[in-house]
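S.K.: Okay, here's the structure, questions in a sec.
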DNA sequence: CTGAAAGCGCTAACAA
DNA sequence: TTGTTAGCGCTTTCAG
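What follows is the structure, given as structure tokens:
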């Protein structure tokens, strides 16, 4: 049973039919019921498993699609991946997860490699983009869906208004009465970093209207808890008692910031309100639970997968952009309740 | 540039050499420097990318390996995956992530599918096993490394002493003076659930020796935060004030338990000490940070990947088992410090 | 509806 | 060292 692979000729021989008939009986169309029955039986008897490689070579199709991200440790991507996986699996595709590294060049290399007949299509969520990358993606001829932005309008894209999401967070904090607001962002040369900065800057009029001030915009080295912790420490130490609310560019930074606040004896939300973004599972679970702007990662993953399947089915169709609206989910980290009330 | 794939014959023609020479010049051995140079140049000129499918079919090798897990949402698996990825990538392999579903049957189906020439090997971390699965794995003839246990000693295996790890957690709590200890486990019909239950049961003598009692062993529906929250609520409500420490079978359950405790106005660790297992990033980051037994997920992933690569290189070698020792990492959730001290 | 045969892109065995 | 050729396992024409 082990080792010796059973091939289609074996099955055909066993069933006493030709190779072509065996193939048609198993996958193709135009075989008589009797033939199908016979071949099926022979295949089952021999424990035949069609060889994916032979099939791929002949059909010029691998039934694999790739999901390429910079940082698979980020729960956002895990969420997207789960969503993508379930959509594509339904249509008989397998998912290959690839790691891009942060830079556009390494992403470009990855795409080139993938284009080598390894996958039928690609869902890409790059942290940093460049015009060249967009170029390469379009010219590679491989079906691609970008989650985020490339500036290349010829590509299928799933976007979300993360800038507007930051605006929602600011509005929320202003409505709760906070007036001295800091912004904790990730690297500005990333797509999300740039967009979220834009969102915070755009909130200036709303803040001015109620006499609130933006105390500082701080940039963490990365969109991670560790980077958020470090940056928030510095931020809080430089403005002791002068910040009453902090908008973080994602949940991981927010968690780092809360940790920094607690280290300094500040209570959250009592002394400092904090909001995150992405509404990862962590947000609902953290202590205190984290107010976060949902960017609907699952939905974006699902949309990207659907878009890719559609393009695979019809390569000539026009590029489509799906936009998903952000929603603020209010939780304890920005409530004005006391800790005891919150505990209830 | 797009669409029309350039193939090896194209390169050979451009370089004015034969197909075979072109192949050898690019990958194989035994080509003159001049030949290599010429072919390289032609390939670069045409933007040649070797086709993975043709190569795989001919070489009977895909350079892909699969990592199959039940629940990719669990940070433990993400950690393993990252480790595996970095090891195998170094040797030119790509990683395919597959989702098994919880049951042995669905795992079996997955393995059968994967065996169809899709991957060269498999790293499997099943939640539930059955003798049949072990059988199938050995007889499939595909190189497999199991992270966990199958009972099949003919398979390469990476294990850890999670039972002993639970013992460490109990000892730790006893040393801190806790005497009424509850155990929050995941499903008992899973490999980790069974092992961790065994570990807690085995700690009975140590507990008896200092006059401590096991208040209850509770089984959550799943190894998730949500299931932990629900189970811990019931547990705490049924034994009000009668539990001073809780051993959770993993970090997710522990986080759920802490949330349940806080809901009930209990302070952690003041009123209830909690320990987790797996030492995920969450443990260090959570508020309060979580004492956890590290099972060295990265190391296990790395070991599994290394084992698999070795087997790929030498299919005939004897099955090896690598065992990784657990270590308790003490943090705030089990400290005896007050919250204020902890904040420092 | 079935059988025969071609060939997807590549590597490796065999000749020269 | 190089060219020629067979063939990996499969699907899909093309005849019959």
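Protein chains in written order, with UniProt numbering: chain A, 1 to 344; chain B, 1 to 344. Quick reminder that beta carbons are idealized off the backbone N, C-alpha and C, glycines included. Please read all numbers here as calculations on a predicted model, not as lab measurements.
Pick helix, strand or coil for residue 107(A), following the three-state DSSP scheme.
M.R.: On the first chain, position 107 is the one that residue 107(A) refers to. Helix, per DSSP.
S.K.: Can you tell which of 322(A), 194(A), 59(A) and 45(A) has the C-alpha that lies nearest to the C-alpha of residue 28(A)?
M.R.: Taking the first chain and counting its residues from 1, the one referred to as residue 28(A) is at position 28. Out of 322(A), 194(A), 59(A) and 45(A), 59(A) has the C-alpha closest to the C-alpha of residue 28(A).
S.K.: Quick one, which of 50(B), 264(B), 283(B) and 246(B) has its alpha-carbon nearest residue 185(B)'s?
M.R.: As a position in the second chain, residue 185(B) is number 185, starting the count at 1. Closest option to residue 185(B), Cα to Cα, is 246(B).
S.K.: Check each candidate in 284(B), 53(B), 127(B) and 301(B) and name the one with the smallest Cα separation from residue 145(B).
M.R.: As a first step, residue 145(B) must be located in the second chain, where it is residue number 145. Comparing Cα positions, the closest option is 301(B).
S.K.: Quick one: list the residues of chain A neighbouring residue 51(B), beta-carbon separation under 7 Å, in chain order.
M.R.: As a working note, residue 51(B) is residue 51 in the second chain. Under the 7 Å cutoff, chain A gives 116 and 117.
S.K.: Is there a Cβ from chain B that is less than 8 Å from the Cβ of residue 1(A)?
M.R.: By 1-based counting over the first chain, the position of residue 1(A) is 1. Here residue 1(A) scores only 40 on pLDDT, less than 50, and its place in the model should not be relied on; the value that follows carries that caveat. So, interface residue.
S.K.: Would residue 19(A) be called buried (16 or more neighbouring beta carbons within 10 Å of its own) or exposed?
M.R.: Numbered from 1 along the first chain, position 19 holds the residue referred to as residue 19(A). Exposed, since its Cβ has fewer than 16 Cβ neighbours within 10 Å.
S.K.: From residue 73(A) to residue 332(A), what does the alpha carbon distance come to, in whole angstroms?
M.R.: Looking up residue 73(A) in the first chain gives position 73. Looking up residue 332(A) in the first chain gives position 332. Each residue's alpha carbon lies about 25 Å from the other.
S.K.: So, does the CB of residue 130(B) fall closer than 8 Å to a CB anywhere in chain A?
M.R.: Position 130 of the second chain, counted from the start, is the residue given in the question as residue 130(B). It does not: the Cβ of residue 130(B) has no partner Cβ on chain A nearer than 8 Å.
S.K.: Would you say residue 23(B) lies against chain A (beta-carbon separation less than 8 Å)?
M.R.: Locating residue 23(B) in the second chain gives position 23, counting from the first residue. False, the Cβ-Cβ gap to chain A never drops below 8 Å.
S.K.: Using a beta-carbon distance below 8 Å, is residue 287(A) in contact with chain B?
M.R.: Locating residue 287(A) in the first chain gives position 287, where the first residue counts as 1. Output row for residue 287(A): interface = yes.
S.K.: Going by CA-CA distance only, name the one from 66(B), 130(B) and 50(B) that's closest to residue 308(B).
M.R.: Position 308 of the second chain holds residue 308(B). Checking every option, the nearest Cα to that of residue 308(B) belongs to 66(B).
S.K.: Where residue 239(B) and residue 174(B) are concerned, what is the direct C-alpha to C-alpha distance, given to the nearest angstrom?
M.R.: Against the second chain, residue 239(B) aligns to sequence position 239. Against the second chain, residue 174(B) aligns to sequence position 174. About 19 Å.
S.K.: Quick check: what's the CA-CA separation for residue 225(B) versus residue 172(B)?
M.R.: Walking along the second chain from the start, residue 225(B) turns up at place 225. Walking along the second chain from the start, residue 172(B) turns up at place 172. In a straight line, the C-alpha of residue 225(B) is about 23 Å away from that of residue 172(B).
S.K.: Rounded to the nearest angstrom, what separates residue 335(B) and residue 85(A) at their Cα positions?
M.R.: Here the question's residue 335(B) lines up with position 335 in the second chain. Here the question's residue 85(A) lines up with position 85 in the first chain. If I take the Cα positions, the gap works out to 41 Å.
S.K.: When we look at the beta-carbon of residue 16(B) and count the other beta-carbons within 10 Å, is it buried (16 or more) or exposed?
M.R.: Against the second chain, residue 16(B) aligns to sequence position 16. By the neighbour-count rule (16 or more Cβ atoms within 10 Å), residue 16(B) is not buried but exposed.
S.K.: What is the rounded straight-line gap between the Cα of residue 259(B) and the Cα of residue 274(B)?
M.R.: Stepping through the second chain from its first residue, residue 259(B) is reached at position 259. Stepping through the second chain from its first residue, residue 274(B) is reached at position 274. When rounded, the distance between both Cα atoms is 11 Å.
S.K.: Three or more C-beta pairs closer than 8 Å, one from the stretch 33 to 40 of chain A and one from the stretch 85 to 96 of chain A: is that the case here?
M.R.: Contact between the stretch 33 to 40 of chain A and the stretch 85 to 96 of chain A is absent, because fewer than three Cβ pairs lie under 8 Å.
S.K.: What ranges does the beta strand (DSSP E) occupy inside the stretch 293 to 344 of chain B, keeping only unbroken runs of at least 3 residues that lie completely in it?
M.R.: Segments of the beta strand (DSSP E) lying fully in the stretch 293 to 344 of chain B: 321 to 324 and 327 to 329.
S.K.: What runs of the alpha helix (DSSP H), each 4 residues or longer, lie entirely inside the stretch 141 to 184 of chain B?
M.R.: The stretch 141 to 184 of chain B contains these whole alpha helix (DSSP H) runs: 162 to 175.
S.K.: In chain B, which residues lie with their C-beta within 7 Å of the C-beta of residue 56(A)?
M.R.: Here residue 56(A) corresponds to residue number 56 of the first chain, with the count starting at 1. Residues of chain B passing the Cβ test: 53.
S.K.: Ordered along the chain, which non-local residues of its own chain (more than five positions away) have a Cβ less than 7 Å from that of residue 140(A)?
M.R.: To locate residue 140(A), count along the first chain from 1; it is residue 140. Excluding positions up to five away in sequence, the list reads 111 and 115.
S.K.: Over what stretch of residues does the alpha helix (DSSP H) that includes residue 36(B) continue unbroken?
M.R.: Within the second chain, the letter at position 36 stands for residue 36(B). Where residue 36(B) is concerned, the enclosing alpha helix (DSSP H) stretches over 33 to 46.
S.K.: Taking Cβ-Cβ distances shorter than 7 Å, what residues in chain A pair up with residue 99(B)?
M.R.: By one-based count along the second chain, residue 99(B) stands at place 99. Near residue 99(B) (Cβ distances below 7 Å), the residues of chain A are 85.
S.K.: Of all the alpha helix (DSSP H) runs that stay within the bounds of the stretch 57 to 114 of chain A, which reach a length of 4 or more residues?
M.R.: As far as the stretch 57 to 114 of chain A is concerned, its whole alpha helix (DSSP H) runs of at least 4 residues are 75 to 90 and 104 to 114.
S.K.: Suppose you measure from the CA of residue 194(A) to the CA of residue 201(A); what does that come to, to the nearest Å?
M.R.: Translated into positions along the first chain, residue 194(A) becomes position 194. Translated into positions along the first chain, residue 201(A) becomes position 201. So the alpha carbons of these two residues sit roughly 11 Å apart.
S.K.: Which partner residues does residue 121(A) have in the DSSP bridge list?
M.R.: Within the first chain, residue 121(A) is the residue found at index 121, counting from 1. Residue 121(A) pairs with 65(A).
S.K.: Apart from the five residues on each side of it in sequence, which residues of its chain come closer than 8 Å, Cβ to Cβ, to residue 344(A)?
M.R.: Here residue 344(A) is taken as the residue at index 344 of the first chain, counted from 1. Confidence in residue 344(A) is poor, its pLDDT being 41 and thus under 50, which makes the residue's placement too unreliable to answer from.
S.K.: Assuming contact is defined by CB atoms lying nearer than 8 Å, are residue 179(A) and residue 221(A) in contact in what I supplied?
M.R.: As a working note, residue 179(A) is residue 179 in the first chain. As a working note, residue 221(A) is residue 221 in the first chain. Cβ atoms of residue 179(A) and residue 221(A): not closer than 8 Å.
S.K.: Between which two residues does the alpha helix (DSSP H) containing residue 270(A) stretch?
M.R.: Working through the first chain from its first residue, we reach residue 270(A) at position 270. Note, residue 270(A): premise wrong, no alpha helix (DSSP H); not H, not E.
S.K.: Return helix, strand or coil for residue 249(A), following the three-state DSSP convention.
M.R.: On the first chain, residue 249(A) is found 249 positions in, with the first residue counted as 1. Three-state DSSP puts residue 249(A) in coil, outside helix and strand.
S.K.: Report the option in 176(B), 329(B), 43(B) and 126(B) whose CA atom is closest to the CA atom of residue 106(B).
M.R.: Sequence index remark: in the second chain, residue 106(B) carries index 106 (1-based). Minimum Cα distance to residue 106(B) is reached at 126(B).
S.K.: Quick one: is residue 79(B) buried, meaning 16 or more other Cβ sit within 10 Å of its Cβ, or exposed?
M.R.: Counting from 1 along the second chain, the entry for residue 79(B) is found at position 79. Buried, because 16 or more other Cβ atoms sit within 10 Å of the Cβ of residue 79(B).
S.K.: Which value, in whole angstroms, describes the spacing of the CA atoms of residue 176(A) and residue 164(A)?
M.R.: Position 176 of the first chain, counted from the start, is the residue given in the question as residue 176(A). Position 164 of the first chain, counted from the start, is the residue given in the question as residue 164(A). Each residue's Cα considered, the two are about 19 Å apart.
S.K.: Pull up the distance between the alpha-carbon of residue 319(B) and that of residue 104(B), whole angstroms please.
M.R.: As a first step, residue 319(B) must be located in the second chain, where it is residue number 319. As a first step, residue 104(B) must be located in the second chain, where it is residue number 104. The alpha-carbon atoms of residue 319(B) and residue 104(B) are separated by roughly 22 Å.
S.K.: Please list, in chain order, all residues of the same chain as residue 327(A) whose beta carbon is under 6 Å from its beta carbon, the five residues on each side excluded.
M.R.: Residue 327(A) sits at position 327 when you count from the first residue of the first chain. These residues qualify, in order along the chain: 294.
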